[in-house]
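Enquirer:
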Amino acid sequence: MTNFHELGLSKNIVATVAAIGYETPTPIQVKGIPVVLSGRDLIGLAQTGTGKTAAFGLPLIEMLLANPTRPDNRTTRTLILAPTRELVNQIGDNLRAFIKKTPLRVNQVVGGASIGKQQLQLEKGTDILVATPGRLLDLIARNAISLRAVTYLVLDEADQMLDLGFIHDLRKISKMVPAKRQTLLFSATMPKAIADLAASFLTDPVKVEVSPPGKAADKVEQYVHFVAGQNAKTEMLKKILTDNPDGRSIVFLRTKHGAEKLMKHLDITGFSVASIHGNKSQGQRERALKGFRDGEIRTLIATDVAARGIDIPAVSHVFNYDLPEVPDAYVHRIGRTARAGRDGIAIAFCGPDEGRLLRDVERLMGIDIPVASGEAPSNLARPARPQRRGGGGGGGNNRNHQGQAQGRPDGRKKHDGEGRPAGEGRPAGKPGHRKGGNGGAGRPANAHGKPSGRPGGNQQRSNRRREA
Ligand code: AMP
Numbered sequence: 000m001t002n003f004h005e006l007g008l009s010k011n012i013v014a015t016v017a018a019i020g021y022e023t024p025t026p027i028q029v030k031g032i033p034v035v036l037s038g039r040d041l042i043g044l045a046q047t048g049t050g051k052t053a054a055f056g057l058p059l060i061e062m063l064l065a066n067p068t069r070p071d072n073r074t075t076r077t078l079i080l081a082p083t084r085e086l087v088n089q090i091g092d093n094l095r096a097f098i099k100k101t102p103l104r105v106n107q108v109v110g111g112a113s114i115g116k117q118q119l120q121l122e123k124g125t126d127i128l129v130a131t132p133g134r135l136l137d138l139i140a141r142n143a144i145s146l147r148a149v150t151y152l153v154l155d156e157a158d159q160m161l162d163l164g165f166i167h168d169l170r171k172i173s174k175m176v177p178a179k180r181q182t183l184l185f186s187a188t189m190p191k192a193i194a195d196l197a198a199s200f201l202t203d204p205v206k207v208e209v210s211p212p213g214k215a216a217d218k219v220e221q222y223v224h225f226v227a228g229q230n231a232k233t234e235m236l237k238k239i240l241t242d243n244p245d246g247r248s249i250v251f252l253r254t255k256h257g258a259e260k261l262m263k264h265l266d267i268t269g270f271s272v273a274s275i276h277g278n279k280s281q282g283q284r285e286r287a288l289k290g291f292r293d294g295e296i297r298t299l300i301a302t303d304v305a306a307r308g309i310d311i312p313a314v315s316h317v318f319n320y321d322l323p324e325v326p327d328a329y330v331h332r333i334g335r336t337a338r339a340g341r342d343g344i345a346i347a348f349c350g351p352d353e354g355r356l357l358r359d360v361e362r363l364m365g366i367d368i369p370v371a372s373g374e375a376p377s378n379l380a381r382p383a384r385p386q387r388r389g390g391g392g393g394g395g396n397n398r399n400h401q402g403q404a405q406g407r408p409d410g411r412k413k414h415d416g417e418g419r420p421a422g423e424g425r426p427a428g429k430p431g432h433r434k435g436g437n438g439g440a441g442r443p444a445n446a447h448g449k450p451s452g453r454p455g456g457n458q459q460r461s462n463r464r465r466e467a
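Its first residue numbered 0, the sequence shown is counted upward by one per residue in numbering that gives the first Met the number 0.
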């Protein structure tokens with residue numbers, strides 16, 4: 000097995016990563032670190048949560064330390080661009096842990112925070128600047144920073160930067176960085192637009208791929224519930240959250256308004272929630288993330304814009320409350336779970352008008368997502384599931400593929416051989432719930448396996464809805 004030293008990193012850096020708790024390099028690190036150290040441009044096709052930040056961060060730090068020139072005032076030697084404030088902050092925090100005990104300076108600049116303060120931070124000269132493209136351009140316009148000394152350029156989550164409309168900003172920035180530089184581009188997916196971007200930004204790059212683009216992290220178990228509409232989604236969500244009191248969930252919606260409304264509803268019905276979306280101030284977003292990271296908040300309601308790149312290893316469940324318009328977003332969303340070697344569960348709700356969106360996601364990923372409950376809308380042709388017609392009743396059709404969904408369509412994680420979290424203290428058979436569907440399978444196939452502790456109305460209501 001390869002270790003960090005064999006990848007070409009020096010003793011000091013190896014000691015630092017060991018202190019952080021990284022013992023074995025991840026695949027993107029094994030493949031990427033030697034390429035970066037060799038000075039070549041790199042395209043890294045890696046899923047979120049694969050250890051990308053260290054894959055580029057560690058060798059860059061190594062190279063910066065090998066050339067100890069101090070940066071001039073208001074310049075930076077390395078520029079890392081990322082699509083969102085949260086991601087910039089996360090990368091900055093990671094890098095800061097890596098540069099402990101070195102003289103290097105890391106700065107990060109994002110919109111929504113005081114530009115004057117950022118301007119002051121940049122005054123002294125920076126070794127590694129992590130930035131969102133918009134705020135960087137604002138600072139350049141104020142002469143707070145020049146890119147003339149950039150030797151290393153990193154475009155992280157490049158596909159998201161394009162999705163969020165940063166292409167013009169990126170073009171502008173590309174004209175300001177010296178032609179003689181090393182460029183690294185990371186993306187979870189590789190649509191044509193990214194290939195075009197790479198062609199214009201990179202020179203003879205080495206392509207490193209740790210898993211096929213568009214595939215979700217292998218460890219994410221995925222399910223879809225077909226539901227009658229928004230109310231049914233909310234009831235189903237509440238049920239699953241209640242059934243998983245120890246879980247930590249991110250719930251994705253398409254709109255800020257929808258996210259806020261759902262957050263308020265869950266809040267007044269007693270759930271531990273916060274929301275994070277574009278209408279929230281930077282301070283509110285940071286507080287929500289911190290509460291969620293610290294475990295004070297169990298469920299985060301998010302839109303895509305706010306949630307890119309969030310790295311919180313304890314996330315056990317990702318809900319696609321609304322399926323995304325852009326199928327790539329699904330891959331990013333579910334990449335919020337199963338991080339750092341853990342398991343994770345991704346549950347999608349598909350309303351009557353969302354069949355096309357589900358089909359797009361399944362096409363992109365090359366899989367059929369196992370059905371946990373409900374009936375597929377008629378416009379969603381899913382020929383790989385001939386047995387769909389044969390099930391017993393609306394709620395019970397856990398028609399799985401490769402046996403995956405059997406027994407765990409309700410969002411519980413597998414903990415032991417029984418596929419049931421230890422200590423839940425529930426009877427295995429739950430005969431009271433057989434009505435919904437799968438007869439003697441031991442667990443009900445829908446998400447109604449466990450009395451919620453709330454009046455039984457939720458459950459009965461949503462069962463009825465599906466049977467209707
Ligand atoms: P990233 O893809 O950079 O967001 O990293 C995902 C998570 O994996 C982060 O929590 C990292 O701290 C963690 N991580 C990265 N590299 C390693 C490693 N070699 N060993 C253990 N954890 C790692």
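Glycine is no exception: its CB is placed at the ideal position from the N, C-alpha and C atoms. Note that the structure is predicted; figures quoted are calculated from it, not measured.
Look at the alpha carbon of A305 and the alpha carbon of T49, and state the distance between them as a whole number of angstroms.
Expert: Locating residue 305 in the sequence shown gives position 306, where the first residue counts as 1. Locating residue 49 in the sequence shown gives position 50, where the first residue counts as 1. Whole-angstrom Cα-Cα distance: 20 Å.
Enquirer: Any heavy atom of the ligand AMP within a distance shorter than 7 Å of the CB on K472?
Expert: Residue 472 lies beyond the range of the chain shown here (0 to 467); nothing can be said about it.
Enquirer: Would you call the CB atoms of V209 and A45 closer than 8 Å?
Expert: Locating residue 209 in the sequence shown gives position 210, where the first residue counts as 1. Locating residue 45 in the sequence shown gives position 46, where the first residue counts as 1. Yes.
Enquirer: Residues bridged to E220 by DSSP?
Expert: Position 221 of the sequence shown, counted from the first residue, corresponds to residue 220. According to DSSP, E220 bridges with I344.
Enquirer: Starting from the Cα of S280, find the closest Cα among V219, R84, T150 and give me that residue.
Expert: In the sequence shown, counting from the first residue as 1, residue 280 sits at position 281. Among V219, R84, T150, the Cα nearest to that of S280 is on R84.
Enquirer: Using a Cβ distance threshold of 8 Å, determine whether the segment 67-78 contacts the segment 113-129, with at least three qualifying pairs required.
Expert: yes
Enquirer: Tell me the DSSP secondary structure of S199 in three-state form.
Expert: As a first step, residue 199 must be located in the sequence shown, where it is residue number 200. Helix at S199.
Enquirer: Could you say if the segment 23-35 and the segment 156-175 meet the contact criterion of at least three C-beta pairs nearer than 8 Å?
Expert: no
Enquirer: Measure the CB-CB distance between V149 and V176 and report whether it falls below 8 Å.
Expert: Position 150 of the sequence shown, counted from the start, is the residue given in the question as residue 149. Position 177 of the sequence shown, counted from the start, is the residue given in the question as residue 176. Yes, they are a contact pair.
Enquirer: Taking 7 Å as the cut-off, is the CB of T23 close to at least one heavy atom of the ligand AMP?
Expert: Start at 1 with the first residue of the sequence shown, and residue 23 comes out as number 24. Under cutoff, so the answer is yes.
Enquirer: K206 bridges to which residues according to DSSP?
Expert: One-based indexing of the sequence shown puts residue 206 at position 207. Bridge partners of K206: I42.
Enquirer: Quick test of the definition: if touching needs 3 or more C-beta pairs under 8 Å, does the segment 307-316 touch the segment 287-299?
Expert: yes
Enquirer: Let me check understanding here. Comparing Cα to Cα, which of I114, A65, V129 lies closest to L94?
Expert: The residue you call residue 94 lines up with position 95 of the sequence shown. Nearest of I114, A65, V129 to L94, Cα basis: V129.
Enquirer: Drop a sphere of 10 angstroms on the beta-carbon of S274, count the other beta-carbons inside from all chains shown, and report buried for 16 or more, exposed for fewer.
Expert: In the sequence shown, residue 274 corresponds to position 275, counting from 1. Its Cβ being crowded by 16 or more others within 10 Å, S274 is buried.
Enquirer: To which residues of the same chain is L103 closer than 8 Å at the C-beta, ignoring the five residues directly before and after it?
Expert: As a first step, residue 103 must be located in the sequence shown, where it is residue number 104. Hits under 8 Å: I60, L63, L64, D126, I127.
Enquirer: Could you pull the start and end residues of the alpha helix (DSSP H) that N230 belongs to?
Expert: As a first step, residue 230 is located in the sequence shown; it is residue number 231 there, counting from the start. Looking at the DSSP string, the run of the alpha helix (DSSP H) that includes N230 is 229-242.
Enquirer: Which residue's Cα is closest to the Cα of V219: V35, A18, G334, L363?
Expert: Along the sequence shown, read from residue 1 onward, the residue named residue 219 stands at position 220. Answer by Cα proximity: G334.
Enquirer: Alpha carbon to alpha carbon, how far is Q120 from A143?
Expert: Numbered from its first residue, the sequence shown carries residue 120 at position 121. Numbered from its first residue, the sequence shown carries residue 143 at position 144. Distance between the alpha carbons of Q120 and A143: 9 Å.
Enquirer: Quick one: what's got a C-beta closer than 8 Å to R39's C-beta in the same chain, skipping five residues either side?
Expert: As a first step, residue 39 must be located in the sequence shown, where it is residue number 40. Closer than 8 Å at Cβ, skipping near neighbours: Q181, D203, P204, V205.
Enquirer: Please confirm whether any heavy atom of the ligand AMP lies closer than 7 Å to the CB of T233.
Expert: Sequence index remark: in the sequence shown, residue 233 carries index 234 (1-based). No.
Enquirer: Near D359, which residues of its chain fall below 7 Å by C-beta distance, leaving aside the five closest residues on each side in sequence?
Expert: Position 360 of the sequence shown, counted from the start, is the residue given in the question as residue 359. The residues are P326.
Enquirer: Sorry if obvious, but does the Cβ on P312 come closer than 7 Å to a heavy atom of the ligand AMP?
Expert: If you number the sequence shown from 1, residue 312 lands on position 313. Correct: P312 has its Cβ closer than 7 Å to the ligand AMP.
Enquirer: Put R247 into one of helix, strand or coil per three-state DSSP.
Expert: Position 248 of the sequence shown, counting from 1, holds the residue named residue 247. When DSSP states are grouped into helix, strand and coil, R247 belongs to the coil group.
Enquirer: Kindly list the residues whose CB is nearer than 8 Å to the CB of F97, restricted to its own chain and excluding five residues on each side of it in sequence; keep chain order.
Expert: Counting from one through the sequence shown, the residue named residue 97 turns up at place 98. Only I12, T15, V16, I19, A53, G56, L57, I60 meet the Cβ criterion.
Enquirer: In the DSSP assignment, find the unbroken beta strand (DSSP E) run with H167 in it and report its ends.
Expert: Translated into the one-based positions of the sequence shown, residue 167 becomes position 168. Careful: H167 lies outside any beta strand (DSSP E), inside the alpha helix (DSSP H) at 166-175.
Enquirer: Give the single residue among Y222, K171, Q221 whose Cα lies nearest to the Cα of S199.
Expert: In the sequence shown, the residue the question calls residue 199 occupies position 200. That would be K171, whose Cα lies nearest to the Cα of S199.
Enquirer: Within the present structure, is the beta-carbon of A227 separated from the nearest heavy atom of the ligand ATP by less than 7 Å?
Expert: Absence of the ligand ATP is noted for the structure shown, with the ligand AMP being the only ligands found.
Enquirer: Cβ of K51 versus every heavy atom of the ligand AMP: is any distance shorter than 7 Å?
Expert: In the sequence shown, counting from the first residue as 1, residue 51 sits at position 52. Yes - the ligand AMP has a heavy atom lying nearer than 7 Å to the Cβ of K51.
Enquirer: Please classify S372: is it buried, with 16 or more other beta-carbons within 10 angstroms of its beta-carbon, or exposed?
Expert: What you label residue 372 is simply residue 373 of the sequence shown in a count that begins at 1. Per the 10 Å Cβ criterion, buried.
Enquirer: Alpha carbon to alpha carbon, how far is A287 from G111? Give it in angstroms, no decimals.
Expert: In the sequence shown, counting from the first residue as 1, residue 111 sits at position 112. In the sequence shown, counting from the first residue as 1, residue 287 sits at position 288. The alpha-carbon atoms of G111 and A287 are separated by roughly 15 Å.
Enquirer: Quick one: Cα of L169 to Cα of V105, how far?
Expert: Here residue 169 refers to the residue found at position 170 when the sequence shown is read from its first residue. Here residue 105 refers to the residue found at position 106 when the sequence shown is read from its first residue. Approximately 21 Å between the Cα atoms of the pair.
Enquirer: Find the nearest neighbour of Y329 within the set T188, D155, L196, H256, judged by alpha-carbon distance.
Expert: In the sequence shown, residue 329 corresponds to position 330, counting from 1. Closest option to Y329, Cα to Cα, is T188.
Enquirer: Return the first residue and the last residue of the alpha helix (DSSP H) that S37 is part of.
Expert: Translated into the one-based positions of the sequence shown, residue 37 becomes position 38. Taken as a continuous stretch (DSSP letters only), the alpha helix (DSSP H) holding S37 covers 26-37.
Enquirer: Can the beta-carbon of V108 be found less than 8 Å from the beta-carbon of R147?
Expert: Here residue 108 corresponds to residue number 109 of the sequence shown, with the count starting at 1. Here residue 147 corresponds to residue number 148 of the sequence shown, with the count starting at 1. Not closer than 8 Å, so no.
Enquirer: Out of F225, Y151, K263, N278, state which residue places its alpha-carbon closest to the alpha-carbon of T470.
Expert: Since the first and last residues shown for the chain are 0 and 467, residue 470 lies out of range.
Enquirer: Where G257 and K30 are concerned, what is the direct C-alpha to C-alpha distance, given to the nearest angstrom?
Expert: Position 258 of the sequence shown, counted from the first residue, corresponds to residue 257. Position 31 of the sequence shown, counted from the first residue, corresponds to residue 30. For G257 and K30, the distance between alpha carbons rounds to 41 Å.
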